[in-house]
Amino acid sequence: MRFETKAVHEGVAIDSSYNSVITPIYPTSTFAFDEIGKNRGYDYTRSGNPTRAALARNIAALEGGTDAWITCTGMAAETSVLFLFKQGDHLITGNDIYGGTYRLLISAFSQFGLECSFVDMQEPAQVEKAIRPNTKGIWIETPSNPLLNIVDIAAVTEIARKHNLITICDNTFLSPYFQRPFEFGVDIVVHSTTKYLNGHSDVVGGAVVVRSPEHAEKVGFYVNCLGTAGSPFDAWLVLRGVKTLPQRMEAHQKGAMAIAHHLHAHPLVKQVYYPGLKNHPRHELAQRQMYGFGGMVSCELDTDKVDPVVFFNHVKLMSLAESLGGVETLIEQPWTMSHASMPEEARITAGITPGTVRISVGIEHPDDLIADLEQALEQARL
Ligand SMILES: *Cc1c(COP(=O)(O)O)cnc(C)c1O
């Protein structure tokens, strides 16, 4: 089956009671046994639930993995995976990863002796240089947030194979429709389903996808042991959302491409960050490892000519909000919003300034979005 067909059908319609076309929600904490030692595959919802299982099967199929676990948030998915590592283990990751992942490593897992190096993962040589005798894993996130840097997944997994390291890839920004890290040798894929997979800004959730029996057993154990599994109702909503993932991603990309081109030629904009633009420094790599360029566009306003605060305060159609991946366009200032928890120096080093704009392009008509940007830029012109 092709991707669009799998998105609609995989895992769905597993209930035969009434031939319901849609997977039912099983909002139950527990399942009765028919007799001692005999149940119908489920006993307690923390350990397993049919609605969650349907979504897990769907996402595993879309990523090309063998098994998946549905968690209550993206952070819960990451937490469940990080328990594969032990005290004294060392992990290598990017210096521009999602802030919540950085905080999870620095403020939570470091307490249990998990060591971490943060490097420029756009340079595979930097990854190799950071390897120590106790290195056990590499955590990849690509494209990065908010500047859309691209990591060469195949180059990194090749280094990992040489040194016998586990590779994990956060695939939230593109979704499996536009990027499938297993095809480049990654071991484990994590998602915040809050974003594109659900796509309607009405759920927080996560997923872990694996492709080896060993990781399946371990991740499954930790999801149950830690209690990180998602609710049946949330799983049902994400399953509803995921059916239109291909069509939504195409629309997000179409809008993002139009906005990126518009801003690229704009006198009030200094730089545009979008891997679909030919002048993006890793445009060719993006073409090679991604099936599309996604729906996130960032840019740097020329703050000599435009006041960014006035600009952000004057968008009308776009919502001034964090998060991403929903059908409605969201715009935000990383400096004071998504990346405010980073020390000022780290933000500047990463290339984030008060003039940096991040847009999660929704599925509205691109002309309406461009008109909104134009009127806000006009108001903010100095
Ligand atoms: C949002 C996000 C997360 C965290 O997911 P939650 O659902 O908010 O817990 C992790 N990684 C990336 C890239 C994200 O955008």
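Just so we're aligned, residue -13 is where the sequence shown starts under my numbering, counting upward by one. The C-beta atom is built at its ideal place from N, Cα and C for all residues, glycine as well. Predicted model, so just to flag it, every value in this text is computed and none were measured.
**Request:** Write down every uninterrupted run of the beta strand (DSSP E) in the stretch 62 to 117 whose length is 3 residues or greater and which is fully enclosed by it, in chain order.
**Result:** 76 to 80 and 101 to 105
**Message:** Suppose you measure from the CA of residue 330 to the CA of residue 109; what does that come to, to the nearest Å?
**Reply:** 24 angstroms
**Item:** Cβ-based neighbour list, residue 358, same chain, cut-off 7 angstroms, excluding 5 preceding and 5 following
**Value:** 301, 302, 303 and 304
**Asked** Mind checking whether the beta-carbon of residue -8 lies closer than 7 angstroms to any heavy atom of ligand 1?
**Response** no
**Item:** Closest Cα partner of residue 79 within the set 106, 68 and 70
**Value:** 106
**Prompt:** What is the rounded straight-line gap between the Cα of residue 264 and the Cα of residue 225?
**Reply:** 35 angstroms
**Message:** Could you give the first and the last residue of the continuous beta strand (DSSP E) run that contains residue 192?
**Reply:** 192 to 196
**Message:** What does the Cβ neighbour count give for residue 120, buried or exposed, with the cut at 16 atoms within 10 Å?
**Reply:** exposed
**Message:** Please state whether the Cβ-Cβ distance between residue 66 and residue 57 is less than 8 angstroms.
**Reply:** yes
**Asked** Regarding residue 128 and ligand 1, is the C-beta to nearest heavy atom distance less than 7 angstroms?
**Response** no
**Prompt:** Which runs of the beta strand (DSSP E) spanning at least 3 residues fall entirely within the stretch 262 to 300, listed in chain order?
**Reply:** 282 to 287
**Request:** Give every residue of the same chain whose Cβ lies closer than 6 angstroms to the Cβ of residue 178, excluding the five residues on either side of it in the sequence, and list them in chain order.
**Result:** 60, 158 and 192
**Asked** Would the beta-carbon of residue 238 fall within 8 angstroms of that of residue 280?
**Response** yes
**Asked** When the Cβ atoms of the stretch 184 to 202 are set against those of the stretch 73 to 93, are three or more pairs found closer than 8 angstroms?
**Response** no
**Heavy atom of ligand 1 within 7 angstroms of residue 175 beta-carbon** = no
**Contact check, residue 231 vs residue -1, beta carbons under 8 angstroms** = no
**Message:** I'd like to confirm the pairing. Which residues does DSSP put opposite residue 257 in its beta bridges?
**Reply:** 286
**Message:** Quick check: residue 147 and residue 50, are their CB atoms within less than 8 angstroms of each other?
**Reply:** no
**Request:** Indicate, with yes or no, if ligand 1 has a heavy atom lying under 7 angstroms from the CB of residue 65.
**Result:** no
**Prompt:** According to the Cβ coordinates, are residue 289 and residue 341 closer than 8 angstroms?
**Reply:** yes
**Asked** To which residues does DSSP link residue 316 through a beta bridge?
**Response** 305 and 346
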